[in-house]
Amino acid sequence: MTETNNSCSSVPAVGAARHLAQPATPLPGKVRNLVIVLGDQLDAQSSALQNFEPTQDVVWMAEVEEESTHVWSAKQRIAVFLSAMRHFAQGLRARGLPLIYTYLNDADNRGTLALELSQTITQLRPSGLVMTAPGDWRVLQSLRAIATQRNLPLDLRDDTHFFSTVREFSAHAKGRKQLRLEYWYRELRHKHGILMDGKDPVGGQWNFDADNRESFGKAGPQNVPPPARFVPDAMTQEVIALVNTRFASHPGTLHSFGWPVTRAQALLALQAFITQRLPLFGQYEDAMWSGEPWLYHSHLSSALNLKLLNPREVVHAAEDAYRAGLAPLAAVEGFIRQILGWREFVRGIYWTQMPEYLERNALDAQAELPAWYWTGETDMACLKDAIGQTLEHSYAHHIQRLMVTGLYALLLGVKPQAVHTWYLSVYVDAVEWVELPNTLGMGQFGDGGLMASKPYVASGKYIQRMSNHCKGCKYDPAQSTGATACPYTTLYWDFLMRHEVLLKKNPRMGMQLKNLARLDEAARDAISAQATAHRLAQLQGQATVPPT
Ligand SMILES: Cc1cc2nc3c(=O)[nH]c(=O)nc-3n(C[C@H](O)[C@H](O)[C@H](O)COP(=O)(O)OP(=O)(O)OC[C@H]3O[C@@H](n4cnc5c(N)ncnc54)[C@H](O)[C@@H]3O)c2cc1C
Ligand code: SF4
Numbered sequence: 000m001t002e003t004n005n006s007c008s009s010v011p012a013v014g015a016a017r018h019l020a021q022p023a024t025p026l027p028g029k030v031r032n033l034v035i036v037l038g039d040q041l042d043a044q045s046s047a048l049q050n051f052e053p054t055q056d057v058v059w060m061a062e063v064e065e066e067s068t069h070v071w072s073a074k075q076r077i078a079v080f081l082s083a084m085r086h087f088a089q090g091l092r093a094r095g096l097p098l099i100y101t102y103l104n105d106a107d108n109r110g111t112l113a114l115e116l117s118q119t120i121t122q123l124r125p126s127g128l129v130m131t132a133p134g135d136w137r138v139l140q141s142l143r144a145i146a147t148q149r150n151l152p153l154d155l156r157d158d159t160h161f162f163s164t165v166r167e168f169s170a171h172a173k174g175r176k177q178l179r180l181e182y183w184y185r186e187l188r189h190k191h192g193i194l195m196d197g198k199d200p201v202g203g204q205w206n207f208d209a210d211n212r213e214s215f216g217k218a219g220p221q222n223v224p225p226p227a228r229f230v231p232d233a234m235t236q237e238v239i240a241l242v243n244t245r246f247a248s249h250p251g252t253l254h255s256f257g258w259p260v261t262r263a264q265a266l267l268a269l270q271a272f273i274t275q276r277l278p279l280f281g282q283y284e285d286a287m288w289s290g291e292p293w294l295y296h297s298h299l300s301s302a303l304n305l306k307l308l309n310p311r312e313v314v315h316a317a318e319d320a321y322r323a324g325l326a327p328l329a330a331v332e333g334f335i336r337q338i339l340g341w342r343e344f345v346r347g348i349y350w351t352q353m354p355e356y357l358e359r360n361a362l363d364a365q366a367e368l369p370a371w372y373w374t375g376e377t378d379m380a381c382l383k384d385a386i387g388q389t390l391e392h393s394y395a396h397h398i399q400r401l402m403v404t405g406l407y408a409l410l411l412g413v414k415p416q417a418v419h420t421w422y423l424s425v426y427v428d429a430v431e432w433v434e435l436p437n438t439l440g441m442g443q444f445g446d447g448g449l450m451a452s453k454p455y456v457a458s459g460k461y462i463q464r465m466s467n468h469c470k471g472c473k474y475d476p477a478q479s480t481g482a483t484a485c486p487y488t489t490l491y492w493d494f495l496m497r498h499e500v501l502l503k504k505n506p507r508m509g510m511q512l513k514n515l516a517r518l519d520e521a522a523r524d525a526i527s528a529q530a531t532a533h534r535l536a537q538l539q540g541q542a543t544v545p546p547t
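Heads up, the sequence shown is in numbering that gives the first Met the number 0, so the first residue is 0 and it goes up one at a time.
What follows is the structure in structure tokens.
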């Protein structure tokens with residue numbers, strides 16, 4: 000049941016009235032542009048919708064099976080996209096924009112964006128296609144192929160939900176042997192005048208990491224404000240029911256679903272973060288605590304990636320809070336660095352390195368992902384907690400992703416592509432342009448150092464320092480061998496030994512290799528043997544692909 004309610008005789012006129020808060024606008028008799036809006040392009044001000052002329056143009060949106068199954072998408076991830084798309088479509092109808100919207104359960108849904116688009120082109124015979132550049136290389140290729148096949152011009156417009164363009168990043172990267180976040184971040188701060196006093200950074204320094212990144216101490220987090228969550232309305236409930244039925248076997252659960260799915264909700268979430276969490280964001284940016292999934296993070300990544308929020312308004316809100324004396328500079332700089340820095344940086348890496356980037360495996364890691372990544376059933380307390388909350392909320396903060404789930408996979412030697420599939424599946428904010436460089440590059444060192452200057456490796460002692468997980472764990476982070484040895488600690492030394500030759504070329508690994516040199520042959524052998532036994536135990540009899 001493709002919802003059109005149109006006046007164009009070549010298109011079957013079908014109603015889908017149950018989804019319509021407003022009557023649908025008739026389609027133009029002759030269509031100039033079919034304006035494609037993807038599930039992560041939900042901004043009424045987006046570049047694709049500039050110069051939209053309702054008497055000539057038609058918006059096209061489609062829910063298709065492939066986007067939820069090309070990786071084994073978590074239920075919350077599917078639901079957030081579908082619900083946000085439906086709410087956005089409702090807003091377009093309210094504004095009187097002609098819209099073709101395909102529902103997932105439409106009997107004639109062809110299951111892929113390409114097939115659905117092709118069908119609409121046959122029906123409407125537009126003169127051209129318009130869209131904002133998609134966030135996913137795979138999607139761009141498939142839609143480009145349709146435009147070529149149908150001999151239609153495709154007007155691909157810059158995505159204004161970033162401070163920079165990919166062209167600017169390419170220019171920055173040109174001629175550099177190494178790409179480093181810090182230089183790109185400073186360039187963007189200069190260019191956009193963010194946290195600047197004339198030519199100098201506010202506070203006289205670019206980076207306040209030394210003031211940030213504390214742990215909670217023995218007492219643990221105190222009076223953490225409740226996160227901004229939104230009770231599902233009728234439209235979201237309908238989506239939840241659909242996902243529970245159609246994707247019943249997919250990871251996770253929907254009972255705690257509360258993500259923002261409209262711009263109004265996203266703005267409320269932003270405001271709540273700025274007033275309640277930002278002041279302590281930097282201080283506890285890297286801290287973890289059992290059973291505390293939200294802490295002082297913003298939880299805005301899905302709203303940003305769906306384009307319900309523009310990074311400019313998020314960054315400006317944070318800077319305004321600092322200038323109004325409502326949040327300390329270290330917290331505000333730390334937060335802005337994530338968005339103006341990392342978010343822009345990883346996007347540049349993705350679009351300048353694809354498609355080869357997807358296949359990179361600099362450490363030649365070949366193990367499969369242990370099957371318990373999909374269930375959380377492990378006796379390692381830190382992993383159980385991080386995966387448990389991931390399945391519960393489709394959310395984990397950066398350090399949980401990098402230094403718990405990511406670190407373990409790196410130390411175990413899992414192939415980066417398997418790790419990438421997991422991260423793209425399970426998080427509510429997962430879109431390939433941001434997920435892939437973070438996973439393959441930062442988390443797994445699969446690109447050999449393009450994204451990160453050294454592998455992010457540590458022993459269990461790092462997790463002990465930054466959390467309370469080790470207290471409730473049967474393992475001991477100080478031990479690398481023996482029955483109670485922490486697997487992270489064993490695998491950490493084993494990793495350094497396995498990659499010693501390669502890592503010696505990296506000056507930033509000097510201290511870690513110096514510590515490795517203190518281990519005698521017997522200690523090395525014992526660690527290797529324990530690592531091998533652990534690896535076998537985790538991987539034996541495990542599914543090599545996610546269950547479907
Ligand atoms: C292995 C791995 C996979 C990741 N996959 C994703 C993903 O699929 N989608 C995603 O949006 N982020 C991803 N990240 C980055 C980061 O972990 C999430 O953006 C963050 O945890 C989202 O939670 P938050 O909104 O509370 O972030 P906060 O901690 O509040 O940070 C504020 C914002 O900064 C941005 N940000 C922070 N760190 C990064 C980063 N490294 N790269 C890009 N943007 C960043 C996000 O938009 C985030 O909302 C990944 C990180 C790792 C290590
Ligand atoms: S002891 Fe090791 S496995 Fe257990 S919680 Fe600590 S770091 Fe994780």
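From the three backbone atoms N, C-alpha and C, an ideal C-beta is built for every residue, glycine too. Quantities reported herein were computed from a predicted structural model and do not represent experimental measurements.
Could you check where the alpha helix (DSSP H) with residue i kicks off and where it finishes?
i      : result
Leu267 : Arg262 to Ala271
Gly548 : Residue 548 is absent from the structure shown; the chain starts at 0 and stops at 547.
Gly333 : Leu328 to Ile335
Glu284 : Counting along the chain, Glu284 falls outside any alpha helix (DSSP H), and DSSP gives it neither H nor E.
Ala530 : Glu520 to Leu538
Lys513 : Gly509 to Ala516
Asn50  : Neither: Asn50 is in no alpha helix (DSSP H) and is coded neither H nor E.
Ser301 : Ser300 to Leu305
Pro310 : Pro310 to Arg322
Phe432 : The sequence as given places Trp at residue 432; Phe does not occur at that position. Unbroken alpha helix (DSSP H) run through Trp432: Glu431 to Leu435.
I'd like to know whether the C-beta atoms of residue i and residue j end up nearer to each other than 8 Å.
i      : j      : result
Leu307 : Ala47  : no
Leu151 : Arg143 : no
Ala380 : Thr389 : no
Leu406 : Ala457 : yes
Val138 : Leu33  : no
Thr131 : Asp158 : yes
Leu277 : Ala330 : yes
Leu435 : Tyr356 : yes
Ala366 : Gly412 : yes
Val403 : Ile462 : yes
Thr101 : Ala61  : yes
Trp293 : Val223 : yes
Leu299 : Leu325 : no
Trp288 : Ser45  : no
Gly110 : Glu431 : no
Ala408 : Leu368 : yes
Gly95  : Thr164 : no
Is there at least one non-hydrogen atom of ligand 1 closer than 7 Å to the beta-carbon of residue i?
i      : result
Ser297 : yes
Ser300 : yes
Identify which residue in the options has its Cα closest to the Cα of residue i.
i      : options                           : result
Met508 : His468, Tyr455, Ala525 and Arg464 : Tyr455
Gly202 : Tyr321, Asp519, Pro231 and Phe344 : Tyr321
Asp378 : Val314, His533, Arg346 and Ser527 : His533
Ala521 : Ser479, Ala536 and Leu502         : Ser479
Ala227 : Trp258, Pro220 and Asp199         : Trp258
Leu180 : Gln537, Ala451, Ala536 and Met510 : Ala451
Leu81  : Leu535, Tyr283, Val427 and Ala408 : Val427
Trp183 : Phe162, Asp199 and Ile35          : Phe162
Phe168 : Pro27, Trp350, Asp232 and Leu294  : Trp350
Arg31  : Gln44, Phe51 and Asp363           : Phe51
Ile526 : Tyr487, Leu538 and Asn505         : Tyr487
Ala271 : Leu303, Pro225 and Gly251         : Pro225
Asp555 : Ser214, Thr261 and Gln204         : Here the chain has residues from 0 to 547 only, and residue 555 is not among them.
Following the continuous beta strand (DSSP E) through residue i, name the residue where it begins and the one where it ends.
i     : result
Asn32 : Asn32 to Ile35
Less than 7 Å between the CB of residue i and some heavy atom of ligand 2, yes or no?
i      : result
Ile379 : As written in the sequence, residue 379 is Met, which differs from the Ile given in the question. Indeed, a heavy atom of ligand 2 lies less than 7 Å from the Cβ.
Ile462 : yes
His468 : yes
Tyr491 : no
Pro486 : yes
Pro369 : no
Asp475 : yes
With 8 Å as the threshold, decide whether the Cβ of residue i is near any Cβ in chain D.
i      : result
Met441 : Among the chains of the structure shown, chain D does not appear; only one protein chain is present.
Identify every run of the alpha helix (DSSP H) within the region 437-507, keeping only runs that are complete inside it and at least 4 residues long; order them along the chain. Counting only runs of 4 or more residues that sit fully inside the region 437-507, the alpha helix (DSSP H) segments are 459-465, 486-497 and 499-502, in chain order.
Pick out the complete beta strand (DSSP E) segments inside the region 54-127, 3 residues or longer, and give them in chain order. 57-61 and 98-101
What alpha helix (DSSP H) runs, 4 residues minimum, are completely inside the region 124-198? 136-148, 165-172 and 180-191
Secondary structure, beta strand (DSSP E): runs of 3+ residues fully inside the region 196-244: none
Completely contained alpha helix (DSSP H) runs for the region 360-399, where each covers 4 or more residues: The qualifying runs are 380-392.
As an exercise, report each continuous alpha helix (DSSP H) stretch of at least 4 residues that is fully enclosed by the region 397-429, in chain order. The alpha helix (DSSP H) runs lying completely inside the region 397-429 and spanning 4 residues or more are 406-411 and 415-425, given in chain order.
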